[in-house]
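In this note's numbering, the protein residues as written are 315 to 367. Ideal Cβ positions, reconstructed from N, Cα and C, are used throughout, including at glycine.
Below is the structure:
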């Protein structure tokens with residue numbers, strides 16, 4: 315199913331921006347996937363908003 319392009323539906327509580335990152339990580343072609351460093355950088359941009367409360 316994964317090879318056919320089927321992916322998890324977006325969970326209700328997952329923000330769109332995070333789900334879009336998940337989708338890029340699941341790309342069939344590894345060349346199109348972000349590196350771990352890219353993912354860490356992306357997540358660090360989201361982190362300050364969750365820690366400001």
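From residue i to residue j, what does the alpha carbon distance come to, in whole angstroms?
| i | j | result |
| --- | --- | --- |
| residue 352 | residue 327 | 23 Å |
| residue 367 | residue 349 | With a pLDDT of 48 at residue 367, under the threshold of 50, the modelled position of this residue cannot be trusted; read the value that follows with caution. Cα to Cα, the separation comes out at about 30 Å. |
| residue 323 | residue 332 | 13 Å |
| residue 334 | residue 346 | 13 Å |
| residue 325 | residue 336 | 11 Å |
Thinking just about the alpha-carbon of each residue, which of the options is nearest to the one in residue i?
| i | options | result |
| --- | --- | --- |
| residue 357 | 317, 320 and 329 | 329 |
| residue 321 | 355, 335, 340 and 332 | 340 |
| residue 319 | 333, 343 and 355 | 343 |
What are the boundary residues of the alpha helix (DSSP H) that residue i is part of?
| i | result |
| --- | --- |
| residue 337 | 330-339 |
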